[in-house]
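The structure appears below as structure tokens.
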Amino acid sequence: MVRNKKLMSFRSLVTLERFMNNKLIESVEQVHMKENLKELFVGDTVKVGISVEEGNKERVQFYEGIILAKSKSCINFTISVRKVFQGIGVERAFLVNSPKFVSVEVLKSARVSKSKLYYLRNIIGKAGRLKQSFKKR
């Protein structure tokens with residue numbers, strides 16, 4: 001009986017410690033999260049601005065493409081953007097809460113039924129276009 005009480009108290013301490021660690025991590029993440037981000041959806045055509053350093057100068061480089069996937073877990077919010085440049089598909093993943101991530105502009109929205117659009121990798125030309133949606137989300 002005494003053994004069970006010790007075990008129960010140990011489990012409750014471990015649970016309390018995990019809870020406190022989660023609260024600490026959340027408070028640190030809140031400092032670094034961007035607040036005024038637009039809602040991004042898979043299938044949107046976006047123009048992403050990334051800060052690039054060249055020598056001692058800094059400029060904004062824009063990358064335009066379709067959001068293939070997004071993964072959202074607090075501060076590790078990433079989007080995968082694909083564009084076709086000179087007939088070759090180019091994909092790039094962006095950390096949205098990174099200080100290098102300057103801006104995002106939604107150019108078009110598309111109606112899609114999947115959460116990951118990886119099938120667009122195998123489609124060539126006009127077949128890879130998505131049906132545009134004009135509704136505000």
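Take the sequence shown: its position 29, counted from the start at 1, is 29 in the UniProt record's numbering, and no numbers get skipped. Ideal Cβ positions, reconstructed from N, Cα and C, are used throughout, including at glycine.
Less than 8 angstroms divides the Cβ of residue 83 from the Cβ of residue 65. Residue 48 places its beta carbon less than 8 angstroms from that of residue 94. Around the beta carbon of residue 43, 16 or more other beta carbons lie within 10 angstroms, which makes this residue buried.
Take residue 85, set aside five residues on each side of it, and no residue of its chain has a beta-carbon closer than 6 angstroms to its own. Partner residues in the beta bridge of residue 103, as assigned by DSSP, are 49.
The continuous beta strand (DSSP E) containing residue 82 extends over residues 78-85.
For residue 70, the closest of 21, 116 and 120 by C-alpha to C-alpha distance is 116.
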